[in-house]
Amino acid sequence: MAEWLYEKYQCDFVLLFNHRRDGFTLSLRSKKGSGTVVDEIACRFNGNGHEHAAGCFVASLDSIGTKLDDPLVELV
């Protein structure tokens, strides 16, 4: 799925989410060479992973906006 999204939208990273009863699981993937290190993003939400593949859990999508501050913009 991530590869298809990279090609279709020519983006550096992809965020996929899955709704569960208690919140959302987020899966982040980035292209090698894009400069986007997705595990740094996942860590902001108590997640983890690797440079180009990471994940985390959030109780609501509203909580994402409160943690996406200016330093994150520098990461992507």
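Those letters in the sequence shown? Residues 5 to 80, per the working numbering, in order. We put the beta carbon where it would ideally sit given N, CA and C, even for glycine.
Cβ-based neighbour list, residue i, same chain, cut-off 8 Å, excluding 5 preceding and 5 following
i: Val77; result: Residue confidence is low: Val77 scores 44 on pLDDT, short of 50, so the model does not pin down where it sits. Its coordinate-derived value is still stated next. Contacts found: none.
7 Å CB neighbourhood of residue i in its chain, flanking five on each side removed
i: Cys60; result: Leu30, Ala46, Phe49, Asn50, Gly51
Within 8 Å, strictly: CB atoms of residue i and residue j
i: Gly39; j: Asp16; result: yes
i: Asp43; j: Gly53; result: yes
Nearest-angstrom Cα separation, counted from residue j out to residue i
i: Ser34; j: His56; result: 5 Å
i: His23; j: Lys12; result: 24 Å
i: Val41; j: Glu7; result: 16 Å
Unbroken alpha helix (DSSP H) run spanning residue i, endpoints
i: Leu9; result: 6-13
i: Val3; result: With the chain represented from 5 up to 80, any question about residue 3 goes unanswered, as that position is not in the structure.
Limits of the unbroken beta strand (DSSP E) element including residue i
i: Val18; result: 17-24
i: Phe28; result: 27-34
i: Gly53; result: 52-54
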